[in-house]
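**Student:**
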Amino acid sequence: MEFKHKDLLGLEDLSAEEMVYILDQAESFKEISERPIKKVPTLRGKTVVLFFYEPSTRTRTSFEIAAKRLSADSVSLSASTSSMVKGETLADTARNLEAMNPDAIVLRHSSSGAPHLLASLVRSAVINAGDGTHEHPTQGLLDMLTMRQVKGRLDRLRVAIIGDIAHSRVARSNMIGLSKMGAEVRVCGPPTMLPPGLEQAYGVSVFFRPESALEGADVVMMLRVQMERAQAPLFPGLREYARLYGLSAQRLALAAPDAIVMHPGPMNRGVEISPEVADGPRSVILNQVTNGVAVRMALLYLLIGGERES
Amino acid sequence: MRVLIKGGRVVDPSRNLDARLEVLIEDGRVLDLVPPGNEGGFGGEAELIQAEGLVVAPGLIDMHVHLREPGHEYKETIASGTAAAAAGGFTAVAAMPNTRPVNDNRSVTDFILAQAVKAGLARVYPVSAMTVGLAGEVLCEYGEQAEAGAVAVSDDGRPVSDAQTMRRVLEYARAFDLVAISHAEDPRLSAGGVMNEGLVSCRLGLAGLPAASEESGVFRDVMLAALTGARLHLAHISTAGAVEIVRRAKARGLRVTAETAPHYFTLTEEAVIGYRTEAKMNPPLRTQADVEAVRQGLADGTLDAVATDHAPQSSLEKEVEFDQAAFGIVGLETALPLTLALVRQKRLTLSQAVAALSTHPARILHLPGGSLAPGALADVTLIDLEQEWVVRAENFRSLSRNTPFEGFKVQGRAVMTLLAGRPIAL
Chain A
0 MEFKHKDLLG
10 LEDLSAEEMV
20 YILDQAESFK
30 EISERPIKKV
40 PTLRGKTVVL
50 FFYEPSTRTR
60 TSFEIAAKRL
70 SADSVSLSAS
80 TSSMVKGETL
90 ADTARNLEAM
100 NPDAIVLRHS
110 SSGAPHLLAS
120 LVRSAVINAG
130 DGTHEHPTQG
140 LLDMLTMRQV
150 KGRLDRLRVA
160 IIGDIAHSRV
170 ARSNMIGLSK
180 MGAEVRVCGP
190 PTMLPPGLEQ
200 AYGVSVFFRP
210 ESALEGADVV
220 MMLRVQMERA
230 QAPLFPGLRE
240 YARLYGLSAQ
250 RLALAAPDAI
260 VMHPGPMNRG
270 VEISPEVADG
280 PRSVILNQVT
290 NGVAVRMALL
300 YLLIGGERES
Chain B
0 MRVLIKGGRV
10 VDPSRNLDAR
20 LEVLIEDGRV
30 LDLVPPGNEG
40 GFGGEAELIQ
50 AEGLVVAPGL
60 IDMHVHLREP
70 GHEYKETIAS
80 GTAAAAAGGF
90 TAVAAMPNTR
100 PVNDNRSVTD
110 FILAQAVKAG
120 LARVYPVSAM
130 TVGLAGEVLC
140 EYGEQAEAGA
150 VAVSDDGRPV
160 SDAQTMRRVL
170 EYARAFDLVA
180 ISHAEDPRLS
190 AGGVMNEGLV
200 SCRLGLAGLP
210 AASEESGVFR
220 DVMLAALTGA
230 RLHLAHISTA
240 GAVEIVRRAK
250 ARGLRVTAET
260 APHYFTLTEE
270 AVIGYRTEAK
280 MNPPLRTQAD
290 VEAVRQGLAD
300 GTLDAVATDH
310 APQSSLEKEV
320 EFDQAAFGIV
330 GLETALPLTL
340 ALVRQKRLTL
350 SQAVAALSTH
360 PARILHLPGG
370 SLAPGALADV
380 TLIDLEQEWV
390 VRAENFRSLS
400 RNTPFEGFKV
410 QGRAVMTLLA
420 GRPIAL
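From first to last, the protein sequence lines are chains A and B. Per numbering that gives the first Met the number 0: the first sequence ends with 309, consecutive numbering throughout. Per numbering that gives the first Met the number 0: the second sequence ends with 425, consecutive numbering throughout.
#1: With 16 as the cutoff for other CB atoms within 10 Å, does A:Y240 come out buried or exposed?
#2: Taking C-beta to C-beta, are B:Y263 and B:V290 nearer than 8 Å?
#3: Hey, is A:R68's beta-carbon within less than 8 Å of any beta-carbon in chain B?
#4: Using 8 Å as the cut-off, can you tell me whether the region 147-165 of chain A makes contact with the region 117-131 of chain A, which would need three or more C-beta pairs spanning the two stretches below that distance?
#5: Whole angstroms are fine: how far does the CA of B:A270 sit from the CA of A:R307?
#6: In whole angstroms, give me the CA-to-CA distance for A:R107 and A:G291.
#7: Where does A:S61 fall in DSSP's three states?
#8: Excluding the five sequence neighbours on either side, which residues of its own chain have a C-beta within less than 7 Å of the C-beta of A:S309, listed in chain order?
#9: How would you call A:E198, buried or exposed, if buried means at least 16 neighbouring beta carbons within 10 angstroms?
#10: Quick one: any contact between the region 242-256 of chain B and the region 209-225 of chain B, if contact means 3 or more CB pairs under 8 Å?
#11: Give a yes or no on contact between the region 92-111 of chain A and the region 41-52 of chain A, applying the rule of three or more CB pairs nearer than 8 Å.
#12: Buried or exposed: B:A288, going by 16 or more other Cβ atoms within 10 Å of its Cβ?
#13: Where does the unbroken beta strand (DSSP E) through B:P336 begin, and where does it stop?
#14: If you measure from the beta carbon of A:G304 to each beta carbon in chain B, is any gap under 8 Å?
#15: Where do the N-terminal and C-terminal ends of the beta strand (DSSP E) with B:P57 fall, by residue?
#16: Using the three-state DSSP reduction, which class does B:D289 fall into: helix, strand or coil?
#17: Could you tell me whether the Cβ of B:Y171 comes closer than 8 Å to any Cβ of chain A?
#18: Contact defined as beta carbons within less than 8 Å: I believe B:R275 pairs with B:A210. What is the distance between those atoms, to the nearest angstrom?
#19: Spell out whether any CB of chain A is found under 8 Å from the CB atom of B:L205.
#20: Does the region 383-400 of chain B touch the region 301-320 of chain B, meaning 3 or more C-beta pairs lie closer than 8 Å?
#21: Runs of 3 residues minimum, wholly inside the region 101-167 of chain A: which ones carry the beta strand (DSSP E) assignment?
#22: Residues in the region 64-84 of chain B with C-beta within 9 Å of chain A's C-beta atoms, listed in sequence order?
#23: Go through its chain and collect everything with a Cβ distance to B:R412's Cβ below 8 Å, but skip five positions before and after it.
#24: Where does B:I236 fall in DSSP's three states?
#25: Does A:S77 come out as helix, strand or coil in the three-state DSSP assignment?
#26: Among B:D176, B:A84, B:D161, which one has its Cα closest to the Cα of B:G148?
#27: Would you be able to state if there are at least three C-beta pairs under 8 Å between the region 361-369 of chain B and the region 72-88 of chain B?
#28: Residue range of the alpha helix (DSSP H) that B:S350 falls in?
#29: Determine whether the Cβ of A:S309 lies closer than 8 Å to any Cβ atom of chain B.
#30: Can you list, in chain order, the residues of its chain with a C-beta nearer than 6 Å to that of A:P189? Leave out the 5 residues immediately preceding and following it.
#31: DSSP puts B:I4 in a beta bridge; with which residues?
#32: Which term fits B:H359, buried or exposed, when burial requires 16 or more other beta carbons within 10 angstroms of its beta carbon?
#33: Considering B:A125, what are the terminal residues of the beta strand (DSSP E) in which it resides?
#34: For B:D11, name the three-state secondary structure that DSSP assigns.
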């Protein structure tokens with residue numbers, strides 16, 4: 000199969016077949032990170048710009064490690080070190096970066112659709128590392144890779160995503176990706192965190208209370224509660240949220256006996272997830288992080304690797 | 000000076016007229032309309048305008064434009080905006096007050112009128128701000144603004160959020176028989192929103208402007224119109240619910256009128272997909288059901304006027320992240336063919352379309368024009384209903400290019416406008 004995309008802006012642009020292909024590639028890249036010498040020359044001479052307009056530790060580090068393990072040169076830019084603090088527009092920054100001929104630009108941005116604007120302006124491959132409340136496609140892929148590894152399949156997998164769906168790009172990428180892969184996706188949160196039209200827009204089922212969403216679930220994905228949203232006001236406060244929606248061991252027992260627990264991080268321990276569940280035997284939260292590197296290596300390779308660039 | 004418009008199909012909704020007539024113009028006013036061949040000796044000394052195959056309509060009036068001067072001349076000037084108006088078939092526009100400085104006092108109204116006269120391409124009727132600085136607090140001097148030539152009051156773009164202030168605006172405007180043009184919206188419910196709230200905003204991860212925000216604003220202002228007896232005109236109606244509220248207000252006999260814009264009966268929220276900032280405006284593009292309701296509202300007379308809400312923005316405001324982009328699209332040069340599409344689709348008669356674009360705006364704002372009756376001001380638009388063309392923003396007379404209709408194949412075009420009998424050369 001040939002991967003024909005210039006950019007990765009969202010899982011909405013990929014077919015199930017293409018996602019399977021990326022996950023398969025990621026599997027084969029995983030092994031590199033387990034070697035004593037974790038470096039291959041695949042992307043030698045390629046330049047990857049990591050442009051993080053919004054703070055991120057995990058995703059940026061993961062992309063940077065992925066690029067370095069493939070021998071690409073990576074350059075990191077953040078909003079405070081870029082000209083954007085001087086009032087330069089994203090479009091101008093893009094054109095300037097483009098003038099230096101990078102092969103790929105990885106963009107994290109607080110505005111939904113910012114990577115789409117960037118991609119329309121540059122020849123480089125653009126990888127969306129999270130745009131506003133839209134998508135976080137590499138997170139969606141690494142989540143699916145993790146589920147597939149542990150569960151052996153995605154088709155007909157029952158996945159419950161619990162938290163602030165409205166403001167979650169992780170939820171959107173997972174809803175899109177998992178639905179295309181044939182999984183049964185349930186989303187759950189207080190109605191203030193569920194945008195109208197989720198069922199129609201993503202083909203998921205919607206639950207207001209976690210007990211019903213958890214019933215028989217194979218995968219439980221908890222989303223981070225953003226503390227500042229308590230003032231919005233989307234919910235009365237952390238106390239009631241933790242009590243009604245937090246994943247305790249007791250509540251997890253409602254899911255399938257072999258259900259796994261996921262979280263895209265960073266976690267609010269004691270709010271959306273209890274420490275014993277986060278650290279417990281069902282947690283695959285750190286596997287997600289490990290898989291993140293493999294997925295990003297696969298994507299960099301597929302987008303800018305090989306002869307297709309010449 | 001005499002002008003004879005010969006061979007055209009005269010469509011004058013003010014008199015329910017749709018017939019082959021010659022239009023005789025003398026000294027800037029319509030002298031008479033006569034059947035072909037009955038112009039007698041008039042033609043001998045008149046400038047002749049051949050109108051075979053063309054519709055001869057009262058000059059089109061766009062009651063809702065942003066000319067951006069003073070203050071934002073890089074987006075539009077009064078000269079470029081009125082050139083765009085003339086190119087689009089408009090002989091008059093009403094200019095919204097959200098310039099810099101805001102048109103909240105006589106000196107700005109005087110300036111706008113002087114600039115318009117200098118350009119000489121279309122009439123400009125200034126709209127005064129409702130409140131000083133559009134801040135929603137202190138009333139402007141409507142009396143002096145009316146004397147200077149302001150034809151209405153509006154805080155367009157900045158809904159007056161305080162109901163008590165809005166009540167006083169409506170009451171005070173009555174003293175001068177000025178219509179209050181309301182941008183009706185609940186600003187708190189809209190806070191942060193950048194497109195219609197619905198399926199598409201959900202998928203794009205963009206914050207929504209719910210229909211309820213417009214509808215609650217419309218409902219509040221209708222109730223205040225009932226309370227005060229004032230003349231209320233509702234700007235840019237875009238939702239099915241808002242159309243229904245206006246319909247009921249009219250059935251109650253309230254002095255309420257309303258407009259919509261071509262994009263609200265042509266496009267849906269799907270035009271935003273791809274984060275297209277040229278499809279970002281407020282109110283936002285809605286759903287197919289709303290488009291249908293707006294068309295129905297025009298057809299049954301609930302919506303009186305088609306106005307463009309012509310809102311020029313430069314690439315500085317539009318070539319940015321979607322949520323950072325300014326609201327607004329240009330409309331003067333595409334409004335006529337988009338409205339005529341409703342005629343071809345048999346949703347409106349040609350007479351209804353001309354009424355919405357000319358006769359009704361003139362009545363609402365108490366303007367001369369909107370009619371070709373003998374004695375009327377000879378502002379005329381000649382329209383070729385058949386001409387097919389492709390919208391290319393690069394050809395616009397407007398200084399700005401922010402249109403969602405780029406590349407649209409359209410039919411119908413204004414081929415000439417006359418101001419007081421004088422053909423406008425572009």
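Where is the CB? At the ideal position from N, CA and C, for every residue including glycine.
**Tutor:** The relevant details are as follows:
#1: buried
#2: yes
#3: Cβ-Cβ to chain B under 8 Å: no for A:R68.
#4: no
#5: Interpretation of A:R307 is limited by its pLDDT of 48, a score under 50 that renders its predicted location unreliable; no figure is taken from the coordinates.
#6: If I take the Cα positions, the gap works out to 15 Å.
#7: helix
#8: Below a pLDDT of 50, predicted positions are generally treated as unreliable, and A:S309, at 38, falls in that range; the measurement from the model is reported next regardless. If we look at A:S309 and ignore the five residues flanking it on each side, it has no Cβ neighbours.
#9: exposed
#10: yes
#11: yes
#12: exposed
#13: Premise fails: B:P336 lies in the alpha helix (DSSP H), 334-343, not in any beta strand (DSSP E).
#14: no
#15: DSSP places B:P57 inside the beta strand (DSSP E), whose first and last residues are 54-57.
#16: helix
#17: no
#18: Here B:R275 is actually not in contact with B:A210; their C-beta atoms are around 21 Å apart, not less than 8 Å.
#19: yes
#20: In short, these stretches touch, since the Cβ pair count reaches three.
#21: 103-108, 124-130, 157-161
#22: none
#23: G88, L335, P336, I382, D383, Q386, W388
#24: coil
#25: strand
#26: B:D176
#27: Under the Cβ criterion (8 Å, minimum of three pairs), the region 72-88 of chain B does not count as touching the region 361-369 of chain B.
#28: 349-353
#29: The predicted model places A:S309 with a pLDDT of 38, which falls under 50 and marks its position as unreliable; any figure quoted below should be read in that light. Answer no: the Cβ-Cβ gap between A:S309 and chain B never drops below 8 Å.
#30: F234
#31: By DSSP's assignment, B:I4 forms a beta bridge with B:V22, B:I48.
#32: buried
#33: Here the sequence assigns Pro to residue 125 of chain B, which means Ala is not the residue at that position. Run containing B:P125: 122-127, per the beta strand (DSSP E) assignment.
#34: strand
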